[in-house]
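Numbering (the working numbering), first residue to last: 146 to 621. Even for Gly, the Cβ is constructed at its ideal location relative to N, Cα and C. Just below is one structure, and these are the notes that go with it.
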């Protein structure tokens with residue numbers, strides 16, 4: 146059984162540790178061996194926490210032997226995005242200057258996962274400062290490879306965690322998302338991911354020191370998990386839900402709402418905004434829609450989502466305006482060419498003045514109201530996380546056409562982050578050697594509805610990972 150441990154789901158691993166079928170040490174060692182075998186090929190795990198992980202596993206085993214009841218994630222290894230603090234380990238943001246920036250304490254979601262028995266096994270790669278683009282490449286650690294096809298990006302900015310989970314180096318990954326950073330790599334790597342509602346999970350997004358970022362960074366960025374199964378996402382969701390004094394944004398909202406009457410209505414939008422969608426992606430949405438119909442959902446194609454282009458424009462103007470004062474300093478940290486993605490965004494959407502920023506704040510609330518009304522009629526929305534199959538690495542930083550193509554591809558992710566609603570990314574199959582997937586979006590604080598629908602899709606279409614790294618699609 147030990148040789149197969151890295152292939153098992155988080156739920157199965159935790160159950161095996163709780164029941165004494167395997168030790169937490171055996172679970173951790175199996176994943177460390179998998180990292181040693183696979184990470185040189187994909188470069189996803191940046192800092193392996195081998196000794197710390199073994200110590201934590203030994204502690205779990207001792208507690209179980211003494212009669213204590215292990216937590217719901219007992220012994221389960223997870224990776225943590227390079228933006229998120231793990232006590233005693235540098236939080237580098239992929240920047241050489243921060244290689245020794247040791248975290249004094251765990252970020253709230255890391256602390257909650259530890260309290261549930263999960264074990265951090267490594268940090269995972271990101272684009273430099275999460276600003277250098279969608280492709281996961283950092284100045285400090287280099288490029289992360291998509292395990293399905295080396296010539297395609299794994300996505301980002303949480304791409305390292307997605308690859309680690311897809312290849313069996315960790316059962317779970319902890320990333321974050323402000324416009325697709327969980328859901329796009331999930332689609333590109335063939336795994337599942339949960340982007341929660343704004344205020345659902347406690348987090349700490351103070352990067353360097355005690356000061357909090359501005360309102361856009363506070364409201365748009367949400368931490369969330371990767372897993373290979375929707376059931377594992379649900380386990381992590383139940384662990385991470387709830388208020389925390391370290392994060393006054395986190396709301397004490399129950400994890401599960403009231404069941405909805407009758408068949409739940411699902412709006413299907415295959416081409417958000419009408420800007421075009423690849424046939425493979427449209428087919429994935431249609432396949433997922435058929436799976437939901439088979440599961441008893443009331444699935445209806447609708448013309449479009451509310452005010453998509455207006456939401457994208459407001460998102461861009463608000464975020465660029467908030468970010469502009471720090472840009473001259475930040476761009477010096479991004480390395481050669483690392484500033485191109487943000488620089489092109491700022492050229493396209495320059496900062497606005499105070500009066501316009503106040504007006505945009507009202508527009509933000511108004512767009513959220515339009516979405517709340519839409520989701521009141523349709524409790525769930527089915528659409529793409531990215532409107533193309535995985536693209537080539539660095540496309541978004543190459544030129545304006547590439548940047549605009551990537552921004553358009555993730556447009557539904559951007560809009561749903563802007564309005565603060567949850568989304569679950571779930572795989573739908575493999576086409577021409579590459580994974581396909583969709584996202585299920587729901588009402589604010591109804592992650593439970595999204596997870597139920599994603600489970601129905603997974604039950605009918607299956608799970609794609611773990612996989613071994615492969616070469617280019619055309620070479621197989």
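**Request:** Count the other CB atoms, across all protein chains shown, that sit within 10 Å of the CB of residue 305; report buried if there are 16 or more and exposed otherwise.
**Result:** buried
**Item:** Integer Cβ distance of residue 334 from residue 292, believed to fall under 8 Å
**Value:** Taking 8 Å as the upper bound for CB-CB distance, residue 334 and residue 292 are in contact here, some 7 Å apart.
**Message:** Relative to the C-alpha of residue 341, which candidate in 602, 267, 400 and 604 has its C-alpha closest?
**Reply:** 400
**Prompt:** Taking residue 605 as the reference, which of 434, 529 and 164 has the closest Cα?
**Reply:** Ranking the options by Cα distance to residue 605, first place goes to 434.
**Request:** Tell me where the beta strand (DSSP E) around residue 253 begins and ends.
**Result:** Unbroken run through residue 253 is the alpha helix (DSSP H), 253–260; no beta strand (DSSP E).
**Message:** Measuring only the C-alpha atoms, how far is residue 277 from residue 209?
**Reply:** 44 Å
**Request:** Round the Cβ separation of residue 280 and residue 301 to the nearest angstrom and send it over; I've been treating them as touching at under 8 Å.
**Result:** 6 Å
**Asked** For residue 321, which residues does DSSP report across the bridge?
**Response** 368
**Item:** Inside the region 165–252 only - alpha helix (DSSP H) runs reaching at least 4 residues
**Value:** Those alpha helix (DSSP H) runs which fall completely within the region 165–252 and span 4+ residues are 169–187 and 195–210.
**Beta carbon of residue 317 nearer than 8 Å to that of residue 221** = Cβ distance < 8 Å, so residue 317 and residue 221 count as in contact.
**Request:** Consult DSSP for residue 376 and reduce its assignment to one of helix, strand or coil.
**Result:** helix
**Continuous beta strand (DSSP E) stretch holding residue 445: start and end** = Note, residue 445: beta strand (DSSP E), 443–446.
**Prompt:** Mind pulling the alpha helix (DSSP H) runs of 4 or more residues that sit fully within the region 258–331?
**Reply:** 304–311
**Message:** I'd like to know whether the C-beta atoms of residue 612 and residue 189 end up nearer to each other than 8 Å.
**Reply:** no
**Prompt:** Can residue 368 and residue 409 be called in contact, C-beta distance under 8 Å?
**Reply:** no
**Request:** Look at the alpha carbon of residue 417 and the alpha carbon of residue 353, and state the distance between them as a whole number of angstroms.
**Result:** Between residue 417 and residue 353, the alpha-carbon positions lie close to 37 Å from each other.
**Message:** I want to check one thing, is the minimum distance from the CB of residue 415 to the heavy atoms of the ligand GTP below 7 Å?
**Reply:** Absent from the structure shown: the ligand GTP. Ligands present: none.
**Item:** Beta-bridge pairing of residue 346 - partner residues as DSSP gives them
**Value:** 386
**Message:** Among 290, 252, 609 and 570, whose alpha-carbon lies nearest the alpha-carbon of residue 592?
**Reply:** 570
**Asked** How would you label residue 405, buried or exposed, when you count the other beta carbons within 10 angstroms and need 16 or more for buried?
**Response** Residue 405 comes out exposed.
**Asked** So does the region 151–171 actually touch the region 240–252, counting three or more Cβ pairs closer than 8 Å?
**Response** Cβ pair count under 8 Å is below three, so no.
**Request:** Any chance you could list the alpha helix (DSSP H) runs of at least 4 consecutive residues sitting entirely within the region 549–594, in chain order?
**Result:** 556–564
**Request:** Could you tell me which of 234, 217 and 577 sits nearest to residue 194, measuring between CA atoms?
**Result:** 234
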